[in-house]
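> So the sequence lines, in the order shown, correspond to chains A and B.
Residues in the first sequence are numbered consecutively from 1, following the working numbering.
Residues in the second sequence are numbered consecutively from 588, following the working numbering.
Heads up, the beta-carbon is just placed ideally off N, CA and C, and yes, glycines get one too.
No experiment lies behind these values; they were computed from the predicted model shown.
Supplied in structure tokens, the structure appears directly below.
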Amino acid sequence: MAQLPNLDNAPINISALRERAQKDLGAILDSMRGKKVLVLDPQLSGPLALIAQTSLLKEHAVENLFYVSADPVQSECKNVVYLVRPQMALMRQIAAHIQQDNQRQLQKNYAVFFMPRRTIVCEKVLEEEGVLANITIGEYPLYFIPFDEDVLSLELDNSLKECKVDGDTSSLWYLARAITKLQEMYGVIPHIQGKGKAAAQVSDILSRMQREQPRPPPASARLPEIDSLILIDRQVDIVTPMCSQLTYEGLIDEFLQINNGAVELDPIIMGAQQGTTKKVKVPLNSSDKLYRELRDLNFGVVGQVLRQKATSMKQDYSDVTNTQNQSLSDVKEFVKKLNALPEMTRHTNIAQHLSTFTTKPSFLSRLSVEQTLVEGQSYDVSYECVEEVIQRQEPLISVLRLLILLSITNNGLPKKHFDYFRREVLHSYGFEHLFTLNNLEKSGLLTKQEMKNNWQLIKKGLKLVPEESSDVNPTDISYVFSGYAPLSIRLVQCALQNDWRQSELLRLLPGPTFERFDKNQVGPAGDSSRLVALVIFIGGVTFAEISALRFLSAQEGMKYDFIVATTKLINGQNLLKTFIDDPSAVH
Amino acid sequence: VLLRESWGYSQNLEQRSGSALQGPRLKLIEQASELYAHTKEHTFESKATEEQAKLLKLQQELEIATGQPIFVDSSVSDTIRTCISLGNHRTAQRIRVEFKVPDKRFYWLKVFALATAKQWDALEKF
């Protein structure tokens with residue numbers, strides 16, 4: 001397992017969150033005596049690697065680690081601990097394991113732990129399979145997983161789709177529960193703002209949870225470490241994830257997919273010898289000092305910065321070799337700098353690999369299509385562009401991204417075009433995508449035009465496409481998309497500037513806008529110190545948006561530090577993947 | 588209305604899990620199309636399912652004619668592409684008319700198909 005991200009520089013003490021998760025995990029493993037094997041839900045292994053290293057498992061007498069699959073667990077060990085998400089398919093597999101053991105007359109102890117909580121449905125499945133009696137059932141209440149010093153995620157892959165298409169709002173409940181847990185540790189957040197339907201729902205559940213729980217006596221109530229909570233429903237801003245991210249981190253995610261804070265690369269990219277085929281896993285978080293500098297920059301600048309670094313290093317080197325009278329401390333300084341060398345090579349390699357994608361004409365033309373769509377000026381041109389990519393049968397997801405952009409920026413497509421596009425998609429990609437289209441329509445991503453289009457108003461009012469924008473010396477968050485300022489982050493700015501309720505513009509966006517103060521709380525104690533705002537994106541957040549928030553908090557006159565929390569770190573690619581109905585999955 | 592829709596759905600689901608024999612599948616698709624046609628909002632879905640049934644029949648014929656199991660379950664565009672790269676321009680033309688394929692798309696497909704099949708002189712002529 002990779003190293004854990006360093007959390008020391010967090011605006012609030014996030015490592016406490018991880019320590020608690022580690023302690024809980026230990027307690028679970030200890031609940032069964034003696035040596036044991038741990039059987040993991042394959043989905044969980046990535047997130048758990050951010051919590052604990054293998055050594056922790058060994059400390060708690062875990063002999064071996066398996067993944068839940070159709071094959072039986074190959075171990076003679078008498079104690080088996082399952083750690084899974086509450087999903088019915090997994091339950092069936094576990095039941096099958098146990099039945100097989102029973103047939104072979106093996107006596108074992110089983111424990112199933114659900115993360116983050118048990119559900120009645122799952123227990124019912126186990127009961128129907130006739131194995132419930134053999135199992136000890138428990139919970140592993142891990143909600144927010146710290147990804148970095150300012151990023152928390154629940155890692156619920158399908159949250160947006162479940163909410164908007166299936167009507168399954170359990171992820172909202174999990175989120176509210178996660179916030180409650182944060183409040184237990186860092187104090188009750190006094191000020192809540194939100195936008196969008198799901199945000200309102202979360203806020204309702206949250207206040208209900210607060211009412212149900214007895215409040216600690218005022219004397220022991222500590223001062224809140226988080227001053228403000230901003231809830232944003234992803235549905236309010238679908239445009240942003242549909243655009244191609246142009247920050248360094250965002251591009252890595254678009255092309256190479258960042259999973260659980262790490263990216264897997266072909267060894268050839270990293271300059272390894274031919275013959276090795278094992279993928280290299282590179283952790284990407286702020287423990288890597290160089291990455292910390294680079295991640296939020298527009299990719300156009302990354303090359304320059306790397307070159308500068310390299311030249312300054314060369315300069316240092318020639319200084320060391322030329323001058324005779326070197327004090328030892330100078331040499332020491334230099335050697336220290338050399339330590340950064342592996343990071344340099346690593347990022348030069350990655351950046352070079354990325355530039356092979358970004359210089360492709362297809363990528364550039366795609367960017368210009370996105371730009372025209374967001375500007376929303378010439379419907380006909382963009383209409384033809386989208387038509388062309390469908391007819392050329394480019395990858396379905398990237399086509400859908402453009403189609404959705406077209407739909408959202410026009411507040412739905414005119415009926416004639418709507419049917420035309422749907423027909424073209426079905427003809428080009430196959431009939432089974434009727435269900436995908438249906439999902440998209442249900443969730444409002446791809447719709448028929450019914451009302452007047454107000455994207456222009458929104459765009460102008462929130463300055464989504466500022467006239468001047470520089471990627472090299474950014475003065476505005478629009479640099480993360482080279483000219484488009486993410487709507488969601490503009491909302492955060494609105495929230496902080498206190499024109500939340502009044503603004504006419506916000507009314508143009510879907511879902512309710514609300515604001516709530518906790519009267520029982522005293523206001524923030526220190527006035528000079530920096531404030532902390534927790535920004536939660538319900539339904540996922542992209543890396544570019546996180547970069548934009550970091551940029552904001554580094555601006556002069558901004559007194560907030562941001563912590564970003566979300567149900568899942570996303571990009572357009574993996575977000576839309578959840579909407580595609582896979583026929584082979586239904587069995 | 589909702590009931591009918593969901594029924595249509597479940598019919599479709601069954602169809603999607605796909606049996607090797609196309610006969611029962613066809614029947615289900617036609618049924619689904621009818622169900623969609625019962626309501627006003629689903630005219631698009633109804634038409635799409637109807638087309639799919641038509642396509643499936645056609646693909647079946649093609650498979651029998653060519654003796655190669657490469658047609659069933661591919662989309663309209665892919666079917667045209669396969670036809671062209673096999674040199675079967677007449678069927679391609681027929682699909683184009685039957686499914687009202689827009690000219691632009693048809694020419695894209697033709698260019699792609701000819702290029703992949705390395706029929707450069709045909710491409711030249713066209």
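(1) Would you call the stretch 91-111 of chain A in contact with the stretch 40-59 of chain A, where contact means no fewer than 3 C-beta pairs closer than 8 Å?
(2) Whose Cβ in chain A lies nearer than 7 Å to the Cβ of glutamine 639 of chain B?
(3) Kindly give me the distance between the Cβ atoms of threonine 578 of chain A and asparagine 158 of chain A, rounded to whole angstroms, as I take these residues to be in contact under 8 Å.
(4) Name the two residues that bound the continuous beta strand (DSSP E) containing threonine 513 of chain A.
(5) Once DSSP output is grouped into helix, strand and coil, what is the label at asparagine 64 of chain A?
(6) Pull up the distance between the alpha-carbon of lysine 197 of chain A and that of aspartate 233 of chain A, whole angstroms please.
(7) Determine the direct distance from the alpha carbon of arginine 681 of chain B to that of leucine 464 of chain A, and round the result to whole angstroms.
(8) Take the Cβ of serine 69 of chain A as the centre, count every other Cβ of all protein chains shown within 10 Å, and call the residue buried at 16 or more, exposed below.
(9) Rounded to whole angstroms, what is the Cα-Cα separation between isoleucine 563 of chain A and lysine 337 of chain A?
(10) Would you call lysine 415 of chain A buried or exposed, if buried means 16 or more other Cβ atoms sit within 10 Å of its Cβ?
(11) Going along chain A in order, which residues have a C-beta closer than 7 Å to the C-beta of glutamate 632 of chain B?
(12) Using 8 Å as the cut-off, can you tell me whether the stretch 130-141 of chain A makes contact with the stretch 104-111 of chain A, which would need three or more C-beta pairs spanning the two stretches below that distance?
(13) Does the beta-carbon of proline 395 of chain A have 16 or more other beta-carbons within 10 angstroms, so that it is buried, or is it exposed?
(14) Can you tell me where the beta strand (DSSP E) with proline 146 of chain A in it begins and where it stops?
(15) What is the residue span of the beta strand (DSSP E) that proline 283 of chain A lies within?
(16) Can you tell me where the beta strand (DSSP E) holding isoleucine 135 of chain A begins and where it ends?
(17) Give me, in chain order, the residues of the same chain whose beta-carbon lies closer than 7 Å to that of isoleucine 98 of chain A; leave out the 5 immediate sequence neighbours on both sides.
(18) Please identify the residue among A:Leu156, A:Phe299, A:Thr247 and A:Phe543 whose C-alpha is closest to the C-alpha of serine 170 of chain A.
(19) Just verifying my parser: in three-state terms, what is the DSSP assignment at asparagine 439 of chain A?
(20) Just list the residues that DSSP pairs tyrosine 82 of chain A with in beta bridges.
(21) Quick one: residues in its chain with C-beta nearer than 6 Å to the C-beta of cysteine 122 of chain A, no 5 flanking neighbours on either side, listed in chain order?
(22) Can you tell me the Cα-Cα spacing of lysine 641 of chain B and tyrosine 429 of chain A, whole angstroms?
(23) Just the C-alpha distance for alanine 702 of chain B and glycine 483 of chain A, rounded to the nearest angstrom, thanks.
(24) Does the beta carbon of aspartate 419 of chain A come closer than 7 Å to any beta carbon on chain B?
(25) Do glycine 412 of chain A and threonine 358 of chain A have their C-beta atoms closer together than 7 Å?
(26) What did DSSP end up calling glutamate 195 of chain A once you bin it into helix, strand or coil?
(27) Taking a cut of 8 Å between CB atoms, which residues from the stretch 228-252 of chain A lie near chain B?
(28) On the criterion of 16 or more Cβ atoms from any shown chain inside 10 Å, does histidine 191 of chain A qualify as buried, or is it exposed?
(29) What's the C-alpha gap between glutamine 639 of chain B and leucine 434 of chain A?
(30) Among A:Phe543, A:Lys460, A:Lys568 and A:Thr409, whose alpha-carbon lies nearest the alpha-carbon of aspartate 588 of chain A?
(31) I'd like the span of the alpha helix (DSSP H) that includes aspartate 561 of chain A, first residue to last.
(32) Is DSSP giving lysine 448 of chain A helix, strand or coil here?
(33) Three Cβ pairs or more, each shorter than 8 Å: is that satisfied between the stretch 539-547 of chain A and the stretch 480-496 of chain A?
(34) Can you grab the Cα-Cα spacing for the pair lysine 36 of chain A / asparagine 102 of chain A, in whole Å?
(35) Exposed or buried, which one is alanine 27 of chain A when buried takes at least 16 other CB atoms within 10 Å?
(36) Could you please give the first and the last residue of the uninterrupted beta strand (DSSP E) stretch that includes glutamate 264 of chain A?
Result, derived from the coordinates:
(1) Flag = no, the stretch 91-111 of chain A and the stretch 40-59 of chain A do not touch.
(2) The residue you call residue 639 of chain B lines up with position 52 of the second sequence. Proximity of chain A to glutamine 639 of chain B at the Cβ level (cut-off 7 Å) is accounted for by Phe431, in chain order.
(3) Translated into the one-based positions of the first sequence, residue 578 of chain A becomes position 578. Translated into the one-based positions of the first sequence, residue 158 of chain A becomes position 158. 5 Å between Cβ atoms; contact.
(4) Position 513 of the first sequence holds residue 513 of chain A. Run containing threonine 513 of chain A: 513-517, per the beta strand (DSSP E) assignment.
(5) Sequence index remark: in the first sequence, residue 64 of chain A carries index 64 (1-based). In this structure, asparagine 64 of chain A counts as strand in the three-state DSSP scheme.
(6) Here residue 197 of chain A refers to the residue found at position 197 of the first sequence. Here residue 233 of chain A refers to the residue found at position 233 of the first sequence. Spanning the two alpha carbons is a distance of roughly 7 Å.
(7) Mapped onto the first sequence, residue 464 of chain A falls at position 464. Mapped onto the second sequence, residue 681 of chain B falls at position 94. Leucine 464 of chain A and arginine 681 of chain B have their C-alpha atoms spaced approximately 48 Å apart.
(8) Walking along the first sequence from the start, residue 69 of chain A turns up at place 69. Classification of serine 69 of chain A: exposed, given that the 10 Å Cβ count is below 16.
(9) Indexing the first sequence from 1 puts residue 563 of chain A at position 563. Indexing the first sequence from 1 puts residue 337 of chain A at position 337. Taking the straight line joining both Cα atoms gives about 31 Å.
(10) Working through the first sequence from its first residue, we reach residue 415 of chain A at position 415. Exposed, by the Cβ-count rule.
(11) Taking the second sequence and counting its residues from 1, the one referred to as residue 632 of chain B is at position 45. Going along chain A in sequence order, the residues near glutamate 632 of chain B (Cβ under 7 Å) are Leu434.
(12) The stretch 130-141 of chain A and the stretch 104-111 of chain A touch, with no fewer than 3 CB-CB distances between them shorter than 8 Å.
(13) As a working mapping, residue 395 of chain A is identified with position 395 in the first sequence. By the 10 Å Cβ count, proline 395 of chain A comes out exposed.
(14) Taking the first sequence and counting its residues from 1, the one referred to as residue 146 of chain A is at position 146. Secondary structure note for proline 146 of chain A: its beta strand (DSSP E) is the uninterrupted segment 145-148.
(15) The residue given as residue 283 of chain A occupies position 283 in the first sequence. Counting along the chain, the beta strand (DSSP E) containing proline 283 of chain A begins and ends at 280-283.
(16) To locate residue 135 of chain A, count along the first sequence from 1; it is residue 135. Where isoleucine 135 of chain A is concerned, the enclosing beta strand (DSSP E) stretches over 135-139.
(17) Against the first sequence, residue 98 of chain A aligns to sequence position 98. For isoleucine 98 of chain A, same chain residues with a beta-carbon under 7 Å away, outside a window of 5 residues either side, are Tyr110, Val131 and Asn134 in chain order.
(18) Residue numbering aside, residue 170 of chain A sits at position 170 when the first sequence is read from its first letter. Closest by alpha carbon: A:Leu156.
(19) Along the first sequence, one-based indexing puts residue 439 of chain A at 439. Here asparagine 439 of chain A carries a helix assignment [DSSP, helix/strand/coil].
(20) Here residue 82 of chain A refers to the residue found at position 82 of the first sequence. Beta-bridge pairing links tyrosine 82 of chain A to A:Val39 and A:Val112.
(21) By 1-based counting over the first sequence, the position of residue 122 of chain A is 122. Excluding its 5 nearest sequence neighbours in each direction, cysteine 122 of chain A has C-beta neighbours in its own chain below 6 Å: Pro86 and Met91, listed in chain order.
(22) What you label residue 641 of chain B is simply residue 54 of the second sequence in a count that begins at 1. What you label residue 429 of chain A is simply residue 429 of the first sequence in a count that begins at 1. Near 16 Å, if we compare the C-alpha coordinates of tyrosine 429 of chain A and lysine 641 of chain B.
(23) Within the second sequence, numbered from 1, the residue matching residue 702 of chain B stands at position 115. Within the first sequence, numbered from 1, the residue matching residue 483 of chain A stands at position 483. Approximately 38 Å between the Cα atoms of the pair.
(24) Counting from one through the first sequence, the residue named residue 419 of chain A turns up at place 419. Under the 7 Å criterion on CB atoms, aspartate 419 of chain A is classed as interfacial with respect to chain B.
(25) As a position in the first sequence, residue 412 of chain A is number 412, starting the count at 1. As a position in the first sequence, residue 358 of chain A is number 358, starting the count at 1. It is not a contact, given that the beta carbons lie outside the stated cut-off.
(26) Along the first sequence, one-based indexing puts residue 195 of chain A at 195. Sequence inspection shows lysine at residue 195 of chain A; the glutamate mentioned does not correspond to that position. Correct three-state label for lysine 195 of chain A: strand.
(27) Residues of the stretch 228-252 of chain A with a C-beta atom less than 8 Å from some C-beta of chain B do not occur.
(28) Stepping through the first sequence from its first residue, residue 191 of chain A is reached at position 191. With 16 or more other Cβ atoms within 10 Å, it is buried.
(29) Your numbering for residue 639 of chain B matches position 52 in the second sequence. Your numbering for residue 434 of chain A matches position 434 in the first sequence. Straight-line Cα distance between these residues: approximately 11 Å.
(30) No statement about residue 588 of chain A is possible, as the shown extent of chain A runs from 1 to 587 and does not include it.
(31) In the first sequence, counting from the first residue as 1, residue 561 of chain A sits at position 561. Aspartate 561 of chain A -> not in any alpha helix (DSSP H); beta strand (DSSP E) instead, spanning 560-566.
(32) In the first sequence, counting from the first residue as 1, residue 448 of chain A sits at position 448. Lysine 448 of chain A: strand per DSSP, three-state reduction.
(33) Under the 8 Å Cβ criterion, the stretch 539-547 of chain A counts as touching the stretch 480-496 of chain A, having at least three qualifying pairs.
(34) Here residue 36 of chain A corresponds to residue number 36 of the first sequence, with the count starting at 1. Here residue 102 of chain A corresponds to residue number 102 of the first sequence, with the count starting at 1. Approximately 18 Å between the Cα atoms of the pair.
(35) The sequence position of residue 27 of chain A within the first sequence is 27, counting from 1. By the beta-carbon neighbour count (other beta carbons within 10 angstroms, threshold 16), alanine 27 of chain A is exposed.
(36) Sequence index remark: in the first sequence, residue 264 of chain A carries index 264 (1-based). In the DSSP annotation of this structure, the continuous segment of the beta strand (DSSP E) that includes glutamate 264 of chain A starts and ends at 262-265.
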